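If you count by the working numbering, then the sequence shown holds residues 3 to 147, one letter each, in order. For every residue, glycine included, the Cβ atom is placed at its ideal position computed from N, Cα and C. Owing to the predicted nature of the structure, the values given are computational and were not obtained by experimental measurement.
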Amino acid sequence: MPIQFSATDLATSSVFQPLNIAYSHIYSSYRNFVGPPHFKTICRLLGYQGIAVVMEELLKIVKSLLQGTILQYVKTLIEVMPKICRLPRHEYGSPGILEFFHHQLKDIIEYAELKTDVFQSLREVGNAILFCLLIEQALMDSRDS
């Protein structure tokens with residue numbers, strides 16, 4: 003059975019459509035946002051013991067990444083780095099110096115796993131550190147108030 007709309011439903015939708023568009027536009031900058039209010043709520047919900055458990059698990063993950071994936075790739079990158087990489091003369095200017103280093107590090111730049119595995123692992127470590135920092139700030143704020 004098809005849905006039927008009355009005249010008042012259509013009038014209401016035409017009134018609220020611009021408001022919905024305005025609301026969506028205003029709050030689009032807050033989409034995908036995680037900030038201090040969220041971390042204060044996490045601290046309230048978990049308490050000190052819960053936060054300690056989360057931090058312990060994060061530490062295990064970071065330790066695993068640093069001692070495993072990242073360490074292996076760093077060793078590989080050190081091996082493929084040019085043995086001698088002298089600074090070019092400043093007279094070449096910025097474009098010339100950039101081209102010099104681009105040529106020197108061409109093999110590393112083209113290393114496909116660098117962008118997928120290494121950068122992802124570094125991103126995870128950075129996110130864990132940032133999470134710990136924001137939790138600490140939320141705990142300090144809740145203790146002060």
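Query	Result
In chain order, each alpha helix (DSSP H) run of at least 4 residues that lies wholly inside the segment 70-141	73-82, 95-106 and 108-111
Cβ pair Phe-18, Ala-140 closer than 9 Å	no
Stretch pair the segment 99-115 + the segment 71-86: three plus CB contacts closer than 8 Å	yes
Pairwise C-alpha distance: Glu-115 and Ala-54	34 Å
The ligand SAM heavy atom lying under 8 Å from the CB of Tyr-75	Ligands are entirely absent from the displayed structure, and the ligand SAM is therefore not among its contents.
Between the CA atoms of Lys-117 and Phe-102 - distance to the nearest angstrom	22 Å
Residue nearest to Ile-63 in terms of C-alpha spacing, selected from Ala-130, Gln-122, Glu-138 and Ser-144	Ala-130
Limits of the alpha helix (DSSP H) - the one that Leu-67 falls within	38-67
Rounded C-alpha distance that separates Pro-90 from Ile-99	6 Å
Nearest-angstrom Cβ-Cβ length linking Val-120 and Tyr-75, presumed shorter than 8 Å	5 Å
C-alpha distance - Leu-61 paired with Leu-67, whole-angstrom precision	10 Å
Span separating the alpha-carbon of Thr-71 from that of Pro-20	51 Å
Contact check, Asp-143 vs Pro-38, beta carbons under 9 Å	yes
Euclidean distance between Cα positions of Ala-24 and Val-56	39 Å
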